[in-house]
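All remarks here apply to the structure that follows.
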Amino acid sequence: MNAKAPLEAKLPPLGQADPDTLLASILEWVEESGLSLYAAQEEAILELFAGASVVLNTPTGSGKSLVATALCFKALAENQCCFYTAPIKALVSEKFFDLCKLFGPRHVGMMTGDASINQDAPIVCCTAEVLSNYALREGEQADVQYVVMDEFHYYGDRDRGIAWQIPLLTLPQSRFLLMSATLGSTTYFQQKVEALTGMPCVLVKTEERPVPLDYSYSEKPIHETIAELLSAEKFPLYIVHFTQRSAAEQAQNLMSLDFLSKEKKTAIRAELVGFRFDTAFGSELKRYLHHGIGVHHAGMLPKYRRIVEQLAQRGHLQMICGTDTLGVGVNIPIRTVLLTKLCKYDGAHTKILSVRDFKQIAGRAGRRGYDTQGSVVVQAPEHVIENRIQRQKAEGDPKKLRKLRPKKPPEKGYAPWDEGTLTRLLESEPERLSSCFYVSHSLILNVLSRPDGCRALKALLRSSHESPKQQRQHGRTALAMFRSLVEAGVVSLEEKDVSLGAGFQDDFSLNQALSLYVVETVRLLDEALSDYPLRVMTLVESILETPGIVIAKQLDKLKAQAISEMKAEGVEYDERIARLEKIEHVKPDAEFIYDSFNAFRARNPWVGQNIRPKSIAREMFEEGMTFREYVKEYGLARSEGVLLRYLSDVYKTLQQSVPEDAKTQETRDMIDWLSAIVKQIDSSLIDEWEQLIHPKEPVKRAANELSDQEDIVETKGFVVLIRNDCFRFVKLLARSDYEGAIELLSGLPRWTTEGLAEALAPYHQEHATIRTDPKARAPKCTQIDKADVEWVVRQVLLDDEDFGEWHLEFRVDLEASRAQGRPALRLTGVFS
């Protein structure tokens with residue numbers, strides 16, 4: 002029998018969860034852990050156990066997570082439910098595993114929108130949006146008695162702040178713990194929580210840091226700054242960048258330093274035994290980690306971020322090159338924070354960091370229990386440092402001084418800062434948090450799913466944290482949006498009874514701002530046409546946020562191809578440049594999408610977003626490319642996580658926002674294919690949880706191994722993967738790319754390009770070409786006979802005369818497919 006987790010073992014018998022007993026149990030656990038409560042922690046726990054809500058405004062590293070753990074303990078002891086929300090998936094997963102170790106994995110669940118683990122558990126870690134949607138759907142009937150809102154300053158986020166506000170409007174049955182190091186004035190939130198719950202909401206605040214910080218401003222080149230910090234043993238060092246590319250480049254630059262002992266390198270190698278670095282970025286990251294350098298940013302796959310966090314927590318990494326994602330609260334022990342800039346692109350402009358952002362990032366410095374002092378170092382702008390070095394070299398030589406040509410600041414991506422900027426950021430209070438409430442189709446649809454949906458929607462709009470004038474405007478917008486839902490058939494209104502319209506699936510949602518455009522426009526497409534599924538995918542891709550790095554790489558490839566063609570044609574340089582400026586990324590169905598969207602916007606005047614046609618998921622499907630092949634094709638090794646999130650969004654929108662009655666079988670096959678692609682990439686979180694559940698049982702894969710979330714052969718998408726690989730093979734044959742076609746094959750016999758050409762010779766004696774149009778890739782052209790060990794696949798070669806009497810025969814080895822995570826195709830021949 003497995004031993005109980007530390008806090009699981011402290012749970013009192015049911016019915017004996019009085020505050021005094023719970024407090025004694027928590028204090029006993031704290032003492033056994035070798036800790037002692039700070040005054041602010043003790044005050045917050047006492048207030049929570051007395052039934053109050055708490056706003057906990059204390060510095061980073063002052064133990065807010067322990068207070069949240071105490072509230073989770075209270076919920077579990079009372080047989081109640083506690084939701085622990087955080088702004089990013091990396092922080093959600095970290096809290097999930099921390100709580101699993103404290104309470105036992107069966108008592109803790111996780112929901113991030115992409116993945117769900119043990120979601121019916123009494124303690125649920127989730128992104129703020131997950132709780133927000135649940136609260137909108139269920140309101141005071143939601144099974145949520147306690148809510149921890151970590152990093153509550155996200156309330157003021159322009160795009161996502163509404164997710165932190167919704168629970169404060171809809172969950173009167175809950176008690177709240179709102180936590181952040183950078184809140185500013187909290188009186189407003191205390192008043193709103195008290196008005197909602199009818200119970201006190203107490204502010205617990207302190208400015209005192211357990212580990213004080215010192216601040217400095219460096220006008221030396223960054224490599225010298227880093228060398229000095231290493232020499233002074235001010236590591237682990239977190240080097241903060243504001244682009245993923247610069248973080249990865251910095252890691253590469255640091256490879257020239259040898260600062261790790263042989264013993265520590267050996268320890269890292271031992272930790273990484275069994276971990277598979279089997280994507281393009283993986284091999285890069287492996288080199289950095291063996292050198293004691295971590296990389297951490299949102300463009301990485303979750304499993305790579307997780308292994309960096311684990312190695313850092315165990316003290317193996319001396320430096321981490323990352324973006325400001327670590328400033329969100331991910332628990333990586335850092336002694337020194339080095340900011341490479343004090344300006345950041347906010348999606349529209351490059352601006353000096355807000356006081357809140359600066360203090361959140363700087364607050365990561367100083368390890369409780371390890372350091373008596375933490376350090377924050379800010380680099381001067383690069384051109385300022387270079388100009389200073391030039392002046393020093395010319396000092397005392399009037400001739401050299403006259404010849405100096407100071408380097409100018411960058412024209413893009415830069416806002417000026419100096420040491421005075423650092424002083425201002427240190428001395429200023431965090432900016433006031435403002436409401437970012439807005440009305441969306443998703444919000445309306447969620448609230449209307451309640452039995453009293455219309456009344457609840459009116460109450461929600463009237464209670465929002467907005468001015469009366471803004472509330473009235475939101476009401477008018479909501480009414481117009483409601484009418485549009487009725488007109489589109491999404492909502493059925495009969496005798497004031499509101500329900501989901503016919504033809505819509507139970508999990509139908511409109512989570513994207515322009516989801517209703519897809520619902521309306523998909524009805525204009527002809528389901529009988531062979532390219533219908535592709536056009537549906539294009540509609541979905543056109544409403545999703547554009548992953549800039551992927552589109553930029555697509556454009557680079559198109560321009561490189563155009564340059565080669567123009568040079569071959571002898572086009573002059575100036576003309577080449579002029580033509581290149583006109584090249585855009587691929588936009589399938591662009592004319593139809595723009596025209597239909599303009600008509601949609603004319604009927605729905607509140608629509609502010611523009612449509613963005615693109616082809617990423619569609620290109621992968623048409624070309625039959627795997628995730629790794631697409632990454633390799635466009636050089637996206639350092640942005641694998643960006644691509645994975647985008648494909649996940651495409652899948653969820655296809656699944657949930659395209660009406661069920663608009664999905665043909667071919668469309669469902671395409672959705673299954675995309676599901677299989679997404680699930681294959683990274684299931685490390687589920688694997689790790691399963692190991693916690695069954696620690697003594699043998700597992701079929703390592704916890705961190707890149708593997709299938711489920712047996713790939715058993716997935717619905719496996720057949721679609723086979724069809725795609727077979728059709729991709731056909732397309733390569735049509736281009737006479739026999740070498741590329743052979744690379745798709747596995748097993749025996751091993752084909753040569755000459756052998757493949759010889760096998761196809763009889764076909765080409767009868768037909769000039771192999772067709773690759775939509776009709777040629779129809780499912781009926783791929784016939785599959787299933788068996789226990791291997792499947793037989795016949796892929797029709799469609800000719801110009803449409804006879805289709807020739808076919809390729811493949812065998813699919815199921816065991817080999819499981820091992821390699823994709824169909825293991827073996828070509829047995831070409832037949833008529």
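Residue numbers (the working numbering): 2 to 833. Yeah, the Cβ is synthetic: ideal placement off N, Cα and C, and Gly gets one too.
May I ask which residues mark the beginning and end of the beta strand (DSSP E) holding residue i?
{"i": "I240", "result": "L238 to V241"}
{"i": "Y216", "result": "L214 to S219"}
Could you give the residue range of the alpha helix (DSSP H) that holds residue i?
{"i": "Y652", "result": "E641 to S658"}
{"i": "T226", "result": "I223 to S232"}
{"i": "K568", "result": "G549 to E570"}
{"i": "G476", "result": "P469 to E488"}
{"i": "C126", "result": "That residue, C126, is in no alpha helix (DSSP H); its beta strand (DSSP E) goes I124 to T128."}
{"i": "V520", "result": "S516 to T522"}
{"i": "W859", "result": "For residue 859 there is no data in the structure shown, the boundaries of the chain being 2 and 833."}
{"i": "N388", "result": "E383 to A395"}
{"i": "F50", "result": "A40 to F50"}
{"i": "M621", "result": "A618 to E624"}
{"i": "Q192", "result": "T188 to T198"}
Consult DSSP for residue i and reduce its assignment to one of helix, strand or coil.
{"i": "K701", "result": "The pLDDT assigned to K701 is 39, lower than 50, so where the model puts this residue is not dependable, and the model offers no usable value."}
{"i": "C119", "result": "Contrary to the premise, residue 119 reads as Asn rather than Cys in this sequence. The answer is coil: DSSP assigns N119 none of H, G, I, E or B."}
{"i": "I294", "result": "strand"}
{"i": "E542", "result": "helix"}
{"i": "W807", "result": "strand"}
{"i": "A87", "result": "strand"}
{"i": "D814", "result": "strand"}
{"i": "Q374", "result": "coil"}
{"i": "A4", "result": "coil"}
{"i": "M301", "result": "coil"}
{"i": "F832", "result": "strand"}
{"i": "W792", "result": "strand"}
Alpha carbon to alpha carbon, how far is residue i from residue j?
{"i": "A281", "j": "I617", "result": "18 angstroms"}
{"i": "V790", "j": "S818", "result": "11 angstroms"}
{"i": "R451", "j": "R669", "result": "29 angstroms"}
{"i": "M2", "j": "D19", "result": "Residue placement at M2 cannot be trusted, given a pLDDT of 41 that sits under 50; what the coordinates show is reported in the next sentence. In a straight line, the C-alpha of M2 is about 29 angstroms away from that of D19."}
{"i": "T128", "j": "R580", "result": "45 angstroms"}
{"i": "V813", "j": "P750", "result": "13 angstroms"}
{"i": "R392", "j": "L402", "result": "7 angstroms"}
{"i": "Y346", "j": "K352", "result": "6 angstroms"}
{"i": "I362", "j": "M626", "result": "39 angstroms"}
{"i": "A553", "j": "K96", "result": "35 angstroms"}
{"i": "M180", "j": "K360", "result": "15 angstroms"}
{"i": "K776", "j": "A769", "result": "18 angstroms"}
{"i": "S468", "j": "S435", "result": "11 angstroms"}
Could you check how far apart the C-beta atoms of residue i and residue j are, in whole angstroms? I think they sit under 8 angstroms.
{"i": "T754", "j": "E740", "result": "6 angstroms"}
{"i": "L178", "j": "V55", "result": "5 angstroms"}
{"i": "L746", "j": "L798", "result": "About 16 angstroms; that fails the 8 angstroms criterion."}
{"i": "Y533", "j": "R365", "result": "Incorrect: roughly 50 angstroms between the Cβ atoms, too far for contact."}
{"i": "R629", "j": "Q245", "result": "About 19 angstroms separates the two Cβ atoms, so there is no contact after all."}
{"i": "G845", "j": "Y305", "result": "What the structure shows of the chain is the stretch from 2 to 833, and residue 845 is not part of that stretch, so it cannot be assessed."}
{"i": "Q472", "j": "R484", "result": "Not a contact, Cβ separation roughly 19 angstroms."}
{"i": "E208", "j": "A164", "result": "The pair is not a contact, with the Cβ atoms about 28 angstroms apart (cut-off 8 angstroms)."}
{"i": "V523", "j": "L540", "result": "6 angstroms"}
{"i": "Q513", "j": "T373", "result": "In fact, because the Cβ distance is near 50 angstroms, the residues do not count as touching under 8 angstroms."}
Could you say which of the options lies nearest to residue i if we only look at CA atoms?
{"i": "E620", "options": "L637, A600 and K588", "result": "K588"}
{"i": "I308", "options": "L273, S284, T326 and A299", "result": "L273"}
{"i": "N134", "options": "L172, D596 and F153", "result": "L172"}
{"i": "P211", "options": "T198, E220, A182 and P168", "result": "A182"}
{"i": "L637", "options": "G748, D801, G549 and Y39", "result": "G549"}
{"i": "V632", "options": "L302, I445 and L530", "result": "L302"}
{"i": "T478", "options": "V440, K470, L449 and L501", "result": "V440"}
{"i": "V714", "options": "L733, V731 and K680", "result": "K680"}
{"i": "P824", "options": "L722, P775 and T770", "result": "L722"}
{"i": "C322", "options": "L255, K304 and N388", "result": "L255"}
{"i": "A762", "options": "D419, L648 and V831", "result": "V831"}
{"i": "K558", "options": "S531, E634 and F598", "result": "E634"}
{"i": "E428", "options": "Y216, S468 and S465", "result": "Y216"}
{"i": "Y518", "options": "L494, L486, N447 and Y415", "result": "L486"}
Return yes when at least one heavy atom of the ligand SAH lies under 7 angstroms from the C-beta of residue i, else no.
{"i": "L458", "result": "In the structure shown, the ligand SAH is absent, as is every other ligand, since no ligand is present at all."}
For residue i, decide whether its Cβ has a neighbour in chain B, counting only Cβ atoms nearer than 8 angstroms.
{"i": "K65", "result": "Looking at the structure shown, chain B is missing, and only one protein chain is on hand."}
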